[in-house]
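To start, the structure itself, in structure tokens.
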DNA sequence: AGACGTACCTGACCGC
DNA sequence: TGCGGTCAGGTACGTC
């Protein structure tokens with residue numbers, strides 16, 4: 148699944164192809180994931196020059212010369228690639244967006260599960276709903292630890308909440324809990340501040356390490372691949388490793404569920420390394 | 001307002 | 001081999 152490190156990897160890869168280029172023509176076909184509408188998306192991105200390729204949390208966005216912002220969220224299964232081509236028509240299953248550039252290349256967005264999003268917005272107010280950005284200067288570990296202390300949800304659920312820290316998803320939430328030595332399902336407010344600080348202290352190193360590894364592909368679902376179809380090399384300690392031995396202590400990795408029914412979310416942990 | 005449940009979607013996997 | 005059922009999971013939204 149694309150989380151902050153995967154999105155950042157793709158952003159870096161796609162930036163040189165998009166920045167300074169003009170979008171000659173664009174296309175989208177799924178109303179549910181295209182905002183404000185398929186028609187308006189195509190109209191407002193057409194004939195626009197891209198200024199910068201940016202990212203906030205898991206959100207990738209491109210500032211356009213006319214003042215609008217093009218927004219791409221990969222959701223669960225969204226992928227981007229760049230290829231030669233001047234036709235907006237790409238006859239492949241799961242392709243739901245195409246941007247034809249003045250470079251003779253086109254950006255292709257495919258998304259089998261259609262949990263992603265393509266949008267054109269007029270300003271950056273969409274960023275307001277996101278919490279702290281891990282690599283920003285104002286990222287304050289003490290503040291995050293204090294806010295976790297006030298949460299009456301499982302620790303992992305709080306780490307996944309984009310309003311607290313932007314960009315953490317399933318894989319890295321489990322990883323951060325593992326390195327912090329805390330079971331993901333413990334109610335955050337029941338964990339001592341000292342231990343919460345230990346967990347929070349692993350957010351930056353884990354994300355940085357994952358960016359250096361160009362993301363993580365190890366996932367039972369929604370396999371992630373970068374702009375060139377390459378998989379990421381980040382290897383999680385616990386995520387997706389149920390039944391395997393912990394490589395710190397050898398204890399069998401376990402899996403559990405947060406919540407019940409259709410809303411249940413899985414978590415993975417080492418019962419010995421995490422208390 | 002925070003916590004919680006539901007819905008969206010389909011490839012991959014599982015059991016018979 | 002084939003087929004129906006189940007799972008996974010980022011996020012918006014409704015409800016209490």
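In our numbering, the protein residues as written are 148 to 422. The beta carbon of each residue, even a glycine, is placed where N, CA and C say it ideally should be.
Asked, Found
"What first and last residue would you give for the beta strand (DSSP E) that runs through residue 189?", "Looking at the DSSP string, residue 189 is not in any beta strand (DSSP E); the run it does join, the alpha helix (DSSP H), is 185–192."
"To the nearest angstrom, how far is the alpha carbon of residue 301 from that of residue 308?", "11 Å"
"Pick from 190, 173, 169: whose alpha carbon is nearest that of residue 198?", "169"
"Does the Cβ of residue 217 have 16 or more other Cβ atoms within 10 Å, making it buried, or fewer, making it exposed?", "buried"
"Opposite residue 175 in the DSSP bridges: which residues?", "244"
"I'd like to confirm the pairing. Which residues does DSSP put opposite residue 257 in its beta bridges?", "226, 242"
"So, residue 299 versus residue 336, is the Cβ gap smaller than 8 Å?", "yes"
"Look up residue 162 in the DSSP assignment and say whether it is helix, strand or coil.", "helix"
"Can you list, in chain order, the residues of its chain with a C-beta nearer than 8 Å to that of residue 398? Leave out the 5 residues immediately preceding and following it.", "392, 417, 418, 419, 420"
"Which ranges does the beta strand (DSSP E) cover as unbroken runs of at least 3 residues, wholly within the stretch 259–318, from first to last along the chain?", "264–268"
"If we count the other Cβ atoms within 10 Å of its Cβ and call it buried at 16 or more, is residue 163 buried or exposed?", "exposed"
"Under 8 Å: do the stretch 279–297 and the stretch 210–227 share three or more Cβ pairs, one atom per stretch?", "no"
"Per DSSP, which one or two residues make a beta bridge with residue 216?", "210, 268"
"For residue 356, which three-state DSSP category applies?", "helix"
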